[in-house]
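Participant: Have a look at the structure that comes next, please.
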Amino acid sequence: MIRRGFLIGGAAAAMVQVGALGKMIWDRAQALQSGREVLLATGFIDPRDLFRGHYVTLQLEISTLEMKEVTVSGDFDYGKPVFVELQEGDGFFATAKSVSPTFPENLTGPVIRGTSEFHSQAPVANSLGAVAPRDETSIRIDFPFDRYFAPKLEAKRLEKLRRDQKLGVILALDEAGNGVIKGITVDGEKVYLEPLL
Amino acid sequence: MPVFNRQSTLRNAIDDWRARGLIDPATAETLNADLANQPPARSFQSIIILLGVICLGFGAVTFVAANWEEMTRLTRVGLTFGTLIAAWVAAGVFQARGHPWLAQSFVLLACAFFGAGIMLVSQIYHIQGEPKDATWLWAMGTLLAAACTASVPALGFAVMLITVWTFLELDLFRNTYDPDFAYLIYLAICAALARWLKSRFVGHLILLGLGAWTLTNTVFYIEEENGLFFAAALFASFATISAALWSEGGRQWFLGFERSAMIYVLLTLGGLMLIWYAMAQETRPEEMQLALTYAPHFGVPAVLFCTVLAFLARSETNENTYDLMIAGAATLLALILQVLARDVPFLLEAYLLAFTIWVIRMGWRLEYRPVTVLGFIGFAGMMMLIYFVTIGTLIGTAAFYLVAGISLLAGVFIVPRMMRKPEGES
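Quick note, the sequences are listed as chains W and R, same order.
5 is the number of the first residue of the first sequence in the working numbering; add one for each residue after it.
383 is the number of the first residue of the second sequence in the working numbering; add one for each residue after it.
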């Protein structure tokens, strides 16, 4: 009886664990297939190690935003969620339109979710109704796309990139602002696309 | 009780009893013969098999790592799933063949592979999320495995993962920390499983994690100028000591683990009292005021709870009735001192010193040395703390020590005379 209980319980636990891993892969595949595609500019963290070691450290340019260039609303605190609404930029890449601590309403573009790396409180209007600007001049946001593991052959090919070429990352975003890396572009041209599986 | 690993101790004890005439030679021979017939919990062969399997496992992992880059993505995924399924199949095979210990080892291995699988799948498919979420998933999968297979190793591993999960975002430099009260729910589930599996080892892990969580949260909330958690933790600790004493002296709902539990609760309570002492100093009046605000909310229910248990113990002739009454009195005094500590000098120091003496006595009455040792350490710590803080002046500190010493010595001689019963019990 004890053995049968162990075997049944073990089979159930095994199925749940295998299922959990399978769901991770499935959710990613779903996001790649049906997510909204955006192209974001990314900088190089360490130019000496561009694509060396088969992975590159990404730093999205929207990780640091100037207050005067975007619409900022609400209170922000370290480690809390941040939502950035995107818009089409002048060149290849999407740019940030607004930043808020809650999911924005009345959307006109895709939204990407990150984590706040700064603390800022919304300024309060004085007795005359005037609102002073925030103390901070820039916003720092941490996005969960800081590293890209390129396949070995691709990594070797991309090692030959010149520093003045513009690297971009294609993201597939779901409705909640979560994203997965779909591919890499150089000067707007897709050089690598993630396979579904 | 498994006696294989205690043979020499028991053999020496049997020889000692025979030498002192407590047992006759025939009984001693019977006991020795029974001892010789006790089978070992596991054979040495199975230990060697396990070590060999571990070496093979390391070899396989290293081989895979050396060739990881050359593998296609699907091969990597296949390997990840394959190792996980293989570990579970091995666990089932060993259990079916009557090797439960090996089966448990492979359950633990499967849980380790599950965690590795989460990380490898994330790396293969560039799934980048919060480490805290990945740890939570790993912990829940391991907890489920422990519950489904009644596995003590997996349950211990789950408790460790859940504790890591709750502390994962603690950043001392930025002072960022989001206390997660779901930790208590998970620990309660683990405690229920530990009780079902009768695992003292997991019980120790749970209480260790709970103590660390309690003290960390107390410090965090006080830094945030919130005294509610401190008040709740302080009086909950008193209530827990009373509950442990009542259970230990009566039906032992936790199968004798109450004594070990008291060590952790006393350690936590000691940490809370140190925090209380620090707040009561002149330098931190705001925090003390904060704690004072919430003291009655938790102190009054705690005093009532301890009092009820003390009366129940008295009516049931519980072995720990005396200590339960002292615990109730200590809780009541703690509540009163929340108000008086800053206004009346020496009072808090005297209370804390008396508390450590009670812990020493409690350990002596329970015949449980770790509690006694803890009491002595607490007493020594309080004496040093009082010396370094220096109550008012050095003369004041000297007077305090003098009064404390005289009180203790007087108590040793006077109290037994007052408590002496006709039977001569001391």
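Glycine residues also receive a C-beta, built at the ideal position from the N, C-alpha and C atoms.
Please read these numbers as outputs of a predicted model, since none were measured by experiment.
Locate the alpha helix (DSSP H) running through Glu640 (chain R), then write down its first and last residues.
Facilitator: Glu640 to Ala662 is the extent of the alpha helix (DSSP H) around Glu640 (chain R).
Participant: Chain R partners of Pro105 (chain W), CB-CB under 7 Å?
Facilitator: Residues of chain R passing the Cβ test: none, with the nearest at roughly 15 Å.
Participant: Using a C-beta cutoff of 8 Å, does Leu490 (chain R) count as contacting chain W?
Facilitator: So no, Leu490 (chain R) is outside the interface.
Participant: Any chance the segment 74 to 92 of chain W sits against the segment 183 to 195 of chain W, with 3 or more Cβ pairs inside 8 Å?
Facilitator: Too few Cβ pairs lie closer than 8 Å, so no.
Participant: Alpha carbon to alpha carbon, how far is Phe346 (chain R) from Tyr603 (chain R)?
Facilitator: The requested residue 346 (chain R) does not occur in the structure, where chain R is confined to residues 383 to 808.
Participant: Which one or two residues does DSSP pair with Arg144 (chain W) in a beta bridge?
Facilitator: The partner list for Arg144 (chain W) (beta bridge, DSSP) reads W:Thr68.
Participant: Mind listing which residues of the segment 20 to 51 of chain W have their C-beta closer than 7 Å to chain B's C-betas, in chain order?
Facilitator: Absent here is chain B; the protein component of the structure consists of chains W and R.
Participant: Chain W beta carbons: is any one of them nearer than 8 Å to that of Trp635 (chain R)?
Facilitator: Chain W, which has no Cβ nearer than 8 Å to the Cβ of Trp635 (chain R), makes this no.
Participant: Quick one: does Val184 (chain W) have its CB under 8 Å from some CB of chain R?
Facilitator: Closer than 8 Å: yes.
Participant: Let me know if Pro407 (chain R) comes out buried or exposed under the rule of 16 or more other beta-carbons within 10 Å of its beta-carbon.
Facilitator: Answer is exposed; the Cβ neighbour count stays below 16.
Participant: According to DSSP, simplified to helix, strand and coil, what is Lys186 (chain W)?
Facilitator: Three-state DSSP puts Lys186 (chain W) in a strand.
Participant: Go through its chain and collect everything with a Cβ distance to Gly653 (chain R)'s Cβ below 6 Å, but skip five positions before and after it.
Facilitator: Cβ within range, chain order: Leu597.
Participant: Would you say Arg144 (chain W) faces chain R, with C-beta separation under 8 Å as the test?
Facilitator: Answer no: the Cβ-Cβ gap between Arg144 (chain W) and chain R never drops below 8 Å.
Participant: Quick check: is the beta carbon of Ala18 (chain W) nearer than 8 Å to any beta carbon in chain R?
Facilitator: With 8 Å as the cut-off, Ala18 (chain W) counts as an interface residue toward chain R.
Participant: With 8 Å as the threshold, decide whether the Cβ of Gly172 (chain W) is near any Cβ in chain R.
Facilitator: No, no contact with chain R.
Participant: Given this structure, state the Cα-to-Cα distance separating Asn419 (chain R) from Trp746 (chain R), to the nearest angstrom.
Facilitator: The alpha-carbon atoms of Asn419 (chain R) and Trp746 (chain R) are separated by roughly 37 Å.
Participant: First and last residue of the beta strand (DSSP E) that includes Thr99 (chain W)?
Facilitator: Per DSSP, Thr99 (chain W) belongs to the beta strand (DSSP E) from Ala98 to Ser104.
Participant: Let me see if you follow: with CB-CB separation under 8 Å, is Gly192 (chain W) close to chain R or not?
Facilitator: Not closer than 8 Å to any Cβ of chain R, the Cβ of Gly192 (chain W) fails to qualify, so no.
Participant: In chain W, which residues lie less than 7 Å from Cys530 (chain R) when you measure between Cβ atoms?
Facilitator: Those within 7 Å of Cys530 (chain R) in chain W are Gly13, Gly14, Ala16 and Ala17.
Participant: For Phe122 (chain W), would you say it is in contact with chain R, using Cβ-to-Cβ distances shorter than 8 Å as the test?
Facilitator: No - not a single Cβ of chain R is within 8 Å of the one on Phe122 (chain W).
Participant: In this structure, does DSSP put Leu200 (chain W) in helix, strand or coil?
Facilitator: Leu200 (chain W): coil per DSSP, three-state reduction.
Participant: With distances taken Cα to Cα, identify the nearest neighbour of Glu512 (chain R) among W:Arg144, W:Ser124 and W:Phe149.
Facilitator: For the residues W:Arg144, W:Ser124 and W:Phe149, the minimum Cα distance to Glu512 (chain R) belongs to W:Phe149.
Participant: With a threshold of 16 other CB atoms inside 10 Å of the CB of Gln477 (chain R), please say whether the residue is buried or exposed.
Facilitator: Its Cβ being crowded by 16 or more others within 10 Å, Gln477 (chain R) is buried.
Participant: Classify Val173 (chain W) as helix, strand or coil using the three-state DSSP reduction.
Facilitator: Val173 (chain W): strand per DSSP, three-state reduction.
Participant: Could you name the residues of the same chain whose beta carbon sits closer than 6 Å to that of Ala401 (chain R), not counting the 5 residues immediately before and after it, in chain order?
Facilitator: None.
Participant: Going by DSSP in three states, Ile788 (chain R) sits in which element: helix, strand or coil?
Facilitator: If DSSP states are grouped into helix, strand and coil, Ile788 (chain R) belongs with the helices.
Participant: How should Ala786 (chain R) be labelled, buried or exposed, when 16 other C-beta atoms within 10 angstroms of its C-beta is the threshold for buried?
Facilitator: It counts as buried.
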